[in-house]
Amino acid sequence: MNFQLDDFQLEAQHALRRYLEAEAAPVVDEYEAQKKPVPRHLIQAMREYGLLGGLLPEELGGFGLPMVTYGTLIAEVARVWPSLRSITSSTNLAASVLADGGSPALKEKYLPRILSGEFIASFALSEPNIGSDAANVETRAERTADGYRVNGRKLYISNGPICDMGVVFVRTQSDEGKPEVSCLLYESAMPGFSVSDLGKMGMHSCPLGELLFEDVQVPAGNLVGKPGRGFSLAKKYLNVGRCVVAFSALGVAEVAYEAAVRYAKDRVQFGRPIGSFQLVQQMVADMMALVETSRLLCYRAADALDRNAPDSHLLCSMAKRHATDAALRVAELSLQVHGGAGYTTLFPVERYYRDVRHLTIAEGTNQIQSMLMAQHALELSAMR
Ligand SMILES: Cc1cc2nc3c(=O)[nH]c(=O)nc-3n(C[C@H](O)[C@H](O)[C@H](O)COP(=O)(O)OP(=O)(O)OC[C@H]3O[C@@H](n4cnc5c(N)ncnc54)[C@H](O)[C@@H]3O)c2cc1C
Numbered sequence: 001m002n003f004q005l006d007d008f009q010l011e012a013q014h015a016l017r018r019y020l021e022a023e024a025a026p027v028v029d030e031y032e033a034q035k036k037p038v039p040r041h042l043i044q045a046m047r048e049y050g051l052l053g054g055l056l057p058e059e060l061g062g063f064g065l066p067m068v069t070y071g072t073l074i075a076e077v078a079r080v081w082p083s084l085r086s087i088t089s090s091t092n093l094a095a096s097v098l099a100d101g102g103s104p105a106l107k108e109k110y111l112p113r114i115l116s117g118e119f120i121a122s123f124a125l126s127e128p129n130i131g132s133d134a135a136n137v138e139t140r141a142e143r144t145a146d147g148y149r150v151n152g153r154k155l156y157i158s159n160g161p162i163c164d165m166g167v168v169f170v171r172t173q174s175d176e177g178k179p180e181v182s183c184l185l186y187e188s189a190m191p192g193f194s195v196s197d198l199g200k201m202g203m204h205s206c207p208l209g210e211l212l213f214e215d216v217q218v219p220a221g222n223l224v225g226k227p228g229r230g231f232s233l234a235k236k237y238l239n240v241g242r243c244v245v246a247f248s249a250l251g252v253a254e255v256a257y258e259a260a261v262r263y264a265k266d267r268v269q270f271g272r273p274i275g276s277f278q279l280v281q282q283m284v285a286d287m288m289a290l291v292e293t294s295r296l297l298c299y300r301a302a303d304a305l306d307r308n309a310p311d312s313h314l315l316c317s318m319a320k321r322h323a324t325d326a327a328l329r330v331a332e333l334s335l336q337v338h339g340g341a342g343y344t345t346l347f348p349v350e351r352y353y354r355d356v357r358h359l360t361i362a363e364g365t366n367q368i369q370s371m372l373m374a375q376h377a378l379e380l381s382a383m384r
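If you number the sequence shown the way full-length UniProt numbering does, the last residue is 384 and the count never jumps.
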C-alpha cells in the first residue's frame, strides 16, 4: 500500500500552492472582511491548475484527473481560500451533471464557457421546505409547447447571487401523471428568474442565495438527463461532492493545526512557551490525530471512487462526516490554543472556524451521513 503522492501530483500541488500564496493569500482578508466575491480572474486562473473541470474527461474539455489528484488540489485551495474552493466546486458539480446528462448541443453550448471560468454555475436542489428530504422537491416545471415553465424557490444555493447559469432540480409529471424529479439547465438572464443574497456566518466571498423562479420558460433542449431521472443524477454527483467537501475540510484543518503549533511555540507564559504545558500538548496531539485520520479517510474514499469500488458511497459518507467534524474541532482547538488572540481578526483562526462551520451541514448533513453509514451496515433505512 503506497501512501505517497507521485511526482505529477506533488508538482501540481506545489505549483498551485505557489500561485495561491502569491496571488490569493494577500487579498483573502480584505475580500472576506468586505464581503466581496472572489475576483473572476482568480476563478479563471483555477482552470490552469486543474480546478475547473478537473474530473471531467479530456474529450469534454476536462483534465480527466483521478479523484486522488483532484482532492489533493481541493485541499490546497481550501488551505488558502475556502470561498474560492466553494465557487469552483459548485461550478464543477453543475458541469459534471451537464456533462453526464446534457445533449451534445447543450454540452457544446455551455461546457466550454463553464470550464474556462467565463460562466459561474450553481447546483440548485435545496428549497425552503425541502433540505435533507431532497427527493421531494416542490419547485414545479410544467410542460409547455416548447419546453417547461418553472415556478418555485431554491434556498441556500452556493454561487446563487453571482451565477450565470445552473442546474435546477424540479418536480415534473410523468406521461402517466405521476410526480417525478427532473433536471433542467437555467440561465440567470432568463425572464422571471431572480436571486437574493443571504447573510451568513463565514465564507463571505462565496455568496449564498435564494433563487426565485416565476414563470421561467426553459427550452425543452435544456433538459439534463432523462425526464424523471433528476434525483438519481443529483445523488450520483453529491457522492463525489461529499468527497470534495471532505478534502476541503482537510485543507482547513491542516492550516488550523499548523497555526496552533506555531503559536504554541511562540507564545510565552509563566516564562515558558505555552507548547511546553501538558494541557496545550494534549490539544496539539488531538488536532494532529484528527488531521491525520481525516487525511487517511479522504484518500481512502478518493481511491474507492477512482476504482468505482462498491463501497465508494459508504467511504464518501464516512470521509465527509469525519473530516468535517474533525475540521470543526481542530479549528476550535486551534482557537483555544491562541487564547484571546484566536477570537480576534488579528489571526486567521476565527475565520477558519467560521469558514468550516457549514461543512457539517452542506452536501448532506452529518446526521444524514450517519444514517447512510448505518444503513450500509444494517441493511435497514431510517429514512424510508
Ligand atoms: C453554506 C451552505 C451552502 C449550501 N450550498 C448548497 C447548494 O449549492 N445547493 C443546494 O442545493 N443546497 C445547498 N445547501 C443546502 C444544504 O444542502 C442543506 O442545508 C442540507 O441538505 C440540510 O437541509 P436543511 O438545511 O433544510 O436542514 P433540515 O433537513 O431541515 O435538517 C435540520 C436538522 O435536522 C436533521 N435531520 C433532518 N432529517 C433527519 C432525519 N431523518 N434523521 C435525523 N436527523 C435529521 C439534520 O441533520 C439537521 O441537523 C447549502 C447549505 C449551506 C449551509
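Even for Gly, the Cβ is constructed at its ideal location relative to N, Cα and C.
Problem set entry | Assigned secondary structure, R267 (DSSP; H/G/I helix, E/B strand, else coil) | In this structure, R267 counts as coil in the three-state DSSP scheme.
For this session: From the DSSP output, in three-state form, read off G117 for me.
Result: Coil at G117, not helix or strand.
Exercise. What did DSSP end up calling C163 once you bin it into helix, strand or coil?
Worked result: It is coil, neither helix nor strand.
Problem set entry | Euclidean distance between Cα positions of Y70 and R47 | Cα to Cα, the separation comes out at about 12 angstroms.
Exercise. Taking all protein chains shown into account, do 16 or more other C-beta atoms lie within 10 angstroms of the C-beta of F231, making it buried, or fewer, making it exposed?
Worked result: So F231 ends up on the buried side.
For this session: Work out the CA separation of M201 and R354 for me, nearest whole Å.
Result: If you take the alpha carbons of R354 and M201, they lie about 6 angstroms apart.
Problem set entry | Boundaries of the alpha helix (DSSP H) in which Y343 is found, first to last residue | G340 to Y343 is the span of the alpha helix (DSSP H), which, as asked, contains Y343.
For this session: Determine the direct distance from the alpha carbon of G251 to that of A259, and round the result to whole angstroms.
Result: C-alpha of A259 to C-alpha of G251: approximately 13 angstroms in a straight line.
Problem set entry | Identity of the residues DSSP links to G209 by a beta bridge | G209 pairs with I157 and D197.
Problem set entry | Whole runs of the alpha helix (DSSP H) within the stretch 295 to 348, excluding any shorter than 4 residues | Restricted to the stretch 295 to 348, the alpha helix (DSSP H) segments that are unbroken, complete and at least 4 residues in length are 312 to 337 and 340 to 343, listed in chain order.
Exercise. Would the beta-carbon of F123 be found less than 7 angstroms away from any heavy atom of ligand 3?
Worked result: Because ligand 3 does not appear in the structure shown, any question about it cannot be addressed here, the ligands present being ligand 1.
Exercise. Under 7 angstroms from any heavy atom of ligand 1, does the C-beta of E32 make it?
Worked result: Remark: the shortest separation between the CB of E32 and any heavy atom of ligand 1 does not fall under 7 angstroms.
Problem set entry | Where G101 falls: helix, strand or coil (DSSP) | Three-state result, G101: helix.
For this session: Check whether the Cβ of L98 lies closer than 7 angstroms to any heavy atom of ligand 1, and answer yes or no.
Result: Between ligand 1 and L98, a heavy atom-to-CB distance of less than 7 angstroms is absent.
Exercise. What are the start and end residues of each continuous alpha helix (DSSP H) run of 4 or more residues lying completely inside the stretch 41 to 108, in chain order?
Worked result: Fully enclosed alpha helix (DSSP H) runs of no fewer than 4 residues occupy 67 to 80 and 82 to 101 of the stretch 41 to 108, in order along the chain.
For this session: Please indicate yes or no: does the CB of Y156 lie closer than 7 angstroms to some heavy atom of ligand 1?
Result: Answer for Y156: yes, Cβ within range of ligand 1.
Exercise. Given K107, which residues of its chain have a CB within under 7 angstroms of its CB, disregarding the five upstream and five downstream residues?
Worked result: For K107, same chain residues with a beta-carbon under 7 angstroms away, outside a window of 5 residues either side, are L60, L98 and A99 in chain order.
Problem set entry | S132 beta carbon near ligand 1 (any heavy atom closer than 7 angstroms) | Checking the Cβ of S132 against ligand 1 gives yes.
Problem set entry | Beta-ladder partner(s) of A124, from DSSP | According to DSSP, A124 bridges with V168.
Exercise. Taking all protein chains shown into account, do 16 or more other C-beta atoms lie within 10 angstroms of the C-beta of H41, making it buried, or fewer, making it exposed?
Worked result: Exposed is the label assigned to H41, since fewer than 16 other Cβ atoms lie within 10 Å of its Cβ.
Problem set entry | CA-to-CA distance, E379 to L145, given in whole angstroms | The sequence shown places Ala at residue 145, not Leu. Near 45 angstroms, if we compare the C-alpha coordinates of E379 and A145.
For this session: Starting from A141, trace the alpha helix (DSSP H) both ways and give me its first and last residue.
Result: Per DSSP, A141 is not a residue of any alpha helix (DSSP H); the beta strand (DSSP E) it occupies stretches across R140 to T144.
For this session: Determine the contact status of A319 and A301, defining contact as a CB-CB distance below 8 angstroms.
Result: In this structure, A301 lies closer than 8 angstroms to A319 by Cβ.
Exercise. Are L115 and E76 closer than 8 angstroms when you measure CB to CB?
Worked result: With respect to E76, L115 sits apart: the two C-beta atoms are not nearer than 8 angstroms.
For this session: Report the rounded CA-to-CA distance for residue 386 versus A135, giving the unit in angstroms.
Result: Since the first residue of the chain shown is 1 and the last is 384, residue 386 is not available in this structure.
Exercise. Say the cut is 7 angstroms; is the CB of I368 nearer than that to a heavy atom of ligand 1?
Worked result: Indeed, a heavy atom of ligand 1 lies less than 7 angstroms from the Cβ.
Exercise. Is there contact here, the stretch 309 to 317 with the stretch 254 to 270, by at least three beta-carbon pairs under 8 angstroms?
Worked result: No, the stretch 309 to 317 is not in contact with the stretch 254 to 270.
Exercise. Looking at C-alpha atoms only, which residue of G199, L212 and S174 is the closest neighbour of E187?
Worked result: Checked all of G199, L212 and S174; the closest Cα to E187 is L212.
Problem set entry | Beta-carbon gap between N129 and E142 smaller than 8 angstroms | No. Outside cutoff.
Exercise. Can the beta-carbon of S317 be found less than 8 angstroms from the beta-carbon of M287?
Worked result: Cβ distance not < 8 angstroms, so S317 and M287 don't count as in contact.
Problem set entry | Any non-hydrogen atom of ligand 1 within 7 angstroms of I162 CB | Using a cutoff of 7 angstroms, the CB of I162 does not count as near ligand 1, since none of the ligand's heavy atoms is closer than that.
For this session: Consider the C-beta atom of H358 and the heavy atoms of ligand 1; say whether any pair is separated by less than 7 angstroms.
Result: True, at least one ligand heavy atom lies under 7 angstroms from that Cβ.
Exercise. By a C-beta neighbour count over all protein chains shown, 10 Å radius and 16 as the cutoff for buried, is F3 buried or exposed?
Worked result: The Cβ neighbour count for F3, taken over all protein chains shown within 10 Å, is under 16; the residue is labelled exposed.
For this session: Please find out if some non-hydrogen atom of ligand 1 comes closer than 7 angstroms to the beta-carbon of S194.
Result: Not under cutoff, so the answer is no.
Problem set entry | First through last residue of the beta strand (DSSP E) which encompasses L185 | If you look at L185, you'll find it in the beta strand (DSSP E) that goes P179 to E187.
Problem set entry | Continuous alpha helix (DSSP H) stretch holding R384: start and end | Where R384 is concerned, there is no enclosing alpha helix (DSSP H), given that its DSSP letter is neither H nor E.
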